[in-house]
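K.L.:
Numbered per the numbering used here, the sequence shown spans residues 261 to 657. Ideal Cβ placement from N, Cα and C applies to all residues, glycine included. Bear in mind the structure is a predicted one, so any value in this text is a computation, not a measurement.
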Amino acid sequence: MDLVSARLAALSPSETLAMSQKSNELKAQGIDVINLSVGETDFNTPDHVKDAAKKAIDENYSFYSPVPGYLSLREAICNKLKKENNLEYKPDQIVCSNGAKQSVCNVLLALVGKSDEVIIPAPYWVSYPEMVKISDGKSVIISAGIEQDFKITPAQLEAAITPQTKVFILCSPSNPTGSVYSRDELKALADVLEKYPNVYVLSDEIYEHINYVGSHESIAQFENIRDRVIVVNGISKCYAMTGWRIGWIAAPKWIAAACNKLQGQYTSGPCSVAQKAAEAAYIDDAGFVVKVREAFTRRKKLVMELTAEIPGFKVSEPKGAFYIFPDAAAYIGKSYGDRKIENSGDLAMYLLEVGHVACVGGGAFGAPTCIRMSYATSEENLKKAFARIKDALGKLQ
Ligand code: PMP
Ligand code: GLU
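#1: Is the region 620-631 touching the region 369-388, taking contact as three or more C-beta pairs under 8 Å?
#2: For Cys619, is the beta carbon positioned less than 7 Å from some heavy atom of the ligand PMP?
#3: Look at the Cβ atom of Leu430, then the Cβ atom of Asp451, and state whether they are nearer than 8 Å.
#4: On the criterion of 16 or more Cβ atoms from any shown chain inside 10 Å, does Trp514 qualify as buried, or is it exposed?
#5: Heavy atom of the ligand PMP less than 7 Å from the Cβ of Asn641, yes or no?
#6: Less than 8 Å separating the beta-carbons of Ser439 and Ser265?
#7: Alpha carbons only, please: which of Val473, Leu462, Gly507 and Trp504 is nearest the one belonging to Asp488?
#8: Between which two residues does the beta strand (DSSP E) containing Leu462 stretch?
#9: I'd like to know whether the C-beta atoms of Val533 and Ala336 end up nearer to each other than 8 Å.
#10: What did DSSP end up calling Leu430 once you bin it into helix, strand or coil?
#11: Figure out for me which residue from Ile354, Val378, Leu341 and Phe410 has the closest Cα to the Cα of Asp396.
#12: In the region 434-486, which residue ranges form an unbroken alpha helix (DSSP H) of at least 4 residues, counting only runs that do not cross its ends?
#13: Secondary structure at Met633, three-state DSSP: helix, strand or coil?
#14: Quick one: does the C-beta of Leu286 sit closer than 7 Å to a heavy atom of the ligand GLU?
#15: Ala627 by DSSP, collapsed to three states: which one?
#16: Would the beta-carbon of Ile485 fall within 8 Å of that of Leu453?
#17: Answer yes or no: do Gly503 and Ser363 have a C-beta to C-beta separation smaller than 8 Å?
#18: Would you tell me roughly how many angstroms separate the C-alpha atoms of Val552 and Thr301, rounded to the nearest one?
#19: Do you know how far the Cα of Pro433 is from the Cα of Lys579?
#20: In the structure shown, what three-state DSSP assignment does Cys519 receive?
#21: For Thr437 versus Phe585, is the C-beta distance shorter than 8 Å?
#22: Give me the Cα-Cα distance between Ile317 and Ala516, rounded to the nearest whole angstrom.
#23: What I want to know is whether the C-beta of Gly524 ends up closer than 7 Å to one or more non-hydrogen atoms of the ligand PMP.
#24: Do you know how far the Cα of Glu477 is from the Cα of Asn304?
#25: Tell me where the beta strand (DSSP E) around Ala510 begins and ends.
#26: Is Glu300 near the ligand GLU, in the sense that its beta carbon is under 7 Å from a heavy atom of that ligand?
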């Protein structure tokens, strides 16, 4: 008998983490699986950041930190926002949490209640609609297909807004599509939002530094909606620190205070040592971000070449992040022996079990004919993985 609450029963497990787990299980059985499923870089955390963490341990940063994080870390984040994004924030507008994942969830729990709607452009990051469920809200999905580079138009946004709309979630650069909204595109969305003063914008900018088309643009730069924007960011992707679990929001003071209150009853401040490491990364990245971006630029070029060799894949060139999101509709409905590919989840499972490459089916991202591959791995691995994918797909009839 299943005794979990109705809230938990309605929740789907994270498909990205599930595929990664499955790939690790096969590896543990001795199968040589290449994991392109989870969004995690293969770089190590920079040495000076590791040194800062070791120093923090020696200096006894072993006590509870303030709930929103150490003042010194929040100041470093404010300096980063000023220097890199030309955005003015004060430390009491910053709340640090256990990864940007918690930051997103905090904001939704703080703002969304029963009968509130949250607008989510699809393809979306797997966790957004599930977090909306946790907060008792209702997701309103707007679909943007490959023909519009997976980006919504201002008219689509406006058509989705109702008197119940509380939050609009924007993710640029995007997981899973790699698309990036230009300044003009963001301005056009901001101009729509200006007309709806009860709508808040959760701007997930975790892939800020992995951008191939120019410098990062935040929707928080537009004064007409600035007091309704919550920026979410963190150290996982740009400083290769997924396991350290530090994310943060920069928000209007009352929203930061609400997240602070929530977190105070729920998790307290995030890990003290990880905060000191994050602070070191924000004070000086020692050229790491540029190095990472250069590596990803090469990898992106390579995966564009490799996917072009796969018949039936339709690809929109990623402008940021480290995912490629081909439309694989041509393979849905095909079979291998008595194994039929009914949807993109089946296709991902087929590629894992027959091709020994882990990807994630697009269904989990609201794009049922697509498939997500993370290219956050070596060029050698990528060549091997795409040769296997091509070979496995070639067997489908
Ligand atoms: N937002 C997006 C779009 C992501 O891809 C991720 C990746 N996990 C997160 C938020 C959360 O990042 P983390 O919790 O590792 O900081
Ligand atoms: N966000 C990453 C991804 O999409 C990490 C996994 C997760 O947190 O769901 O793969």
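P.N.:
From the atom records:
#1: yes
#2: By 1-based counting over the sequence shown, the position of residue 619 is 359. Result no, Cβ not under 7 Å from the ligand PMP.
#3: The residue given as residue 430 occupies position 170 in the sequence shown. The residue given as residue 451 occupies position 191 in the sequence shown. No. Outside cutoff.
#4: For the purposes of this step, residue 514 is identified with residue 254 of the sequence shown, where counting begins at 1. Looking at its Cβ environment, which holds fewer than 16 other Cβ atoms inside 10 Å, Trp514 is exposed.
#5: By 1-based counting over the sequence shown, the position of residue 641 is 381. No, the ligand PMP has no heavy atom inside 7 Å of this Cβ.
#6: Residue 439 sits at position 179 when you count from the first residue of the sequence shown. Residue 265 sits at position 5 when you count from the first residue of the sequence shown. No, the pair does not count as a contact, with Cβ atoms beyond the cut-off.
#7: Within the sequence shown, the letter at position 228 stands for residue 488. Reading the sequence as shown, one finds Arg at residue 488 and not Asp. Residue Leu462 is the option with its Cα nearest to Arg488.
#8: For the purposes of this step, residue 462 is identified with residue 202 of the sequence shown, where counting begins at 1. Start and end: Tyr460 to Asp464.
#9: On the sequence shown, residue 533 is found 273 positions in, with the first residue counted as 1. On the sequence shown, residue 336 is found 76 positions in, with the first residue counted as 1. Their beta carbons are not under 8 Å apart, which means Val533 does not touch Ala336 by this criterion.
#10: Along the sequence shown, read from residue 1 onward, the residue named residue 430 stands at position 170. In this structure, DSSP gives Leu430 an extended state, which the three-state scheme calls strand.
#11: Working through the sequence shown from its first residue, we reach residue 396 at position 136. Considering only alpha carbons, the answer is Val378.
#12: Listed in chain order, they are 443-454.
#13: The count along the sequence shown starts at 1 and reaches residue 633 at position 373. DSSP places Met633 in strand when its eight states are reduced to three.
#14: Numbered from 1 along the sequence shown, position 26 holds the residue referred to as residue 286. No; taking the cut-off as 7 Å, the Cβ of Leu286 has no heavy atom of the ligand GLU nearer than that.
#15: Locating residue 627 in the sequence shown gives position 367, counting from the first residue. Three-state result, Ala627: coil.
#16: Sequence index remark: in the sequence shown, residue 485 carries index 225 (1-based). Sequence index remark: in the sequence shown, residue 453 carries index 193 (1-based). Yes, these two residues count as a Cβ contact at 8 Å.
#17: Translated into the one-based positions of the sequence shown, residue 503 becomes position 243. Translated into the one-based positions of the sequence shown, residue 363 becomes position 103. At least 8 Å separates the beta-carbon of Gly503 from that of Ser363.
#18: Locating residue 552 in the sequence shown gives position 292, counting from the first residue. Locating residue 301 in the sequence shown gives position 41, counting from the first residue. Each residue's alpha carbon lies about 9 Å from the other.
#19: Sequence index remark: in the sequence shown, residue 579 carries index 319 (1-based). Sequence index remark: in the sequence shown, residue 433 carries index 173 (1-based). Taking the straight line from one Cα to the other gives about 7 Å.
#20: Along the sequence shown, read from residue 1 onward, the residue named residue 519 stands at position 259. Per DSSP, reduced to three states, the secondary structure at Cys519 is helical.
#21: Residue mapping note: residue 437 aligns to position 177 of the sequence shown, counting from 1. Residue mapping note: residue 585 aligns to position 325 of the sequence shown, counting from 1. Cβ distance < 8 Å, so Thr437 and Phe585 count as in contact.
#22: Sequence index remark: in the sequence shown, residue 317 carries index 57 (1-based). Sequence index remark: in the sequence shown, residue 516 carries index 256 (1-based). In a straight line, the C-alpha of Ile317 is about 28 Å away from that of Ala516.
#23: If you number the sequence shown from 1, residue 524 lands on position 264. No, the ligand PMP has no heavy atom inside 7 Å of this Cβ.
#24: In the sequence shown, residue 304 corresponds to position 44, counting from 1. In the sequence shown, residue 477 corresponds to position 217, counting from 1. Cα-Cα distance, rounded: 27 Å.
#25: To locate residue 510, count along the sequence shown from 1; it is residue 250. Run containing Ala510: Gly507 to Ala510, per the beta strand (DSSP E) assignment.
#26: In the sequence shown, counting from the first residue as 1, residue 300 sits at position 40. Yes; taking the cut-off as 7 Å, the Cβ of Glu300 has a heavy atom of the ligand GLU nearer than that.
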